[in-house]
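A quick write-up on the structure given underneath.
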Amino acid sequence: MGFLPADDPIVSAIVILDRPAGYWGSQTAAPVFRQLMERLVVVLEVPPDNIRLALQASGAQPFGRN
Numbered sequence: 000m001g002f003l004p005a006d007d008p009i010v011s012a013i014v015i016l017d018r019p020a021g022y023w024g025s026q027t028a029a030p031v032f033r034q035l036m037e038r039l040v041v042v043l044e045v046p047p048d049n050i051r052l053a054l055q056a057s058g059a060q061p062f063g064r065n
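At position 16 of the sequence shown the residue is numbered 15 (numbering that gives the first Met the number 0), and the sequence of numbers has no breaks.
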């Protein structure tokens, strides 16, 4: 299950596979979910979330890779 955009979701989706070829969701459902969301971003003209700007505005420090 997932949603987009992260800040103010307008779309949520869940991918259920009846007979998946693999065992893990990252191998089976995640690629389907990603393709679906990539298409919806374009069709619905969803602007990208800007994590770095949100962190700067809140005064929080970035995590992970910069």
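Positions of the beta carbon are idealized from the N, C-alpha and C atoms, including for glycine.
Between which two residues does the alpha helix (DSSP H) containing residue i stretch?
i: residue 35; result: 28 to 42
If you draw a straight line from the C-alpha of residue i to the C-alpha of residue j, how long is it?
i: residue 10; j: residue 4; result: 8 Å
i: residue 23; j: residue 38; result: 23 Å
i: residue 65; j: residue 6; result: For residue 65, the predicted model reports a pLDDT of 49, less than 50, meaning its position is unreliable; a value from the coordinates is still stated below. Cα to Cα, the separation comes out at about 20 Å.
i: residue 35; j: residue 21; result: 19 Å
Could you spell out the range, first to last residue, of the beta strand (DSSP E) harbouring residue i?
i: residue 1; result: 1 to 3
i: residue 20; result: Element bounds for residue 20: n/a, residue is neither H nor E.
i: residue 10; result: 10 to 12
For the pair the segment 16 to 24 and the segment 35 to 46, tell me if three or more CB-CB distances fall below 8 Å.
No, because fewer than three Cβ pairs between the segment 16 to 24 and the segment 35 to 46 fall closer than 8 Å, the two stretches do not touch.
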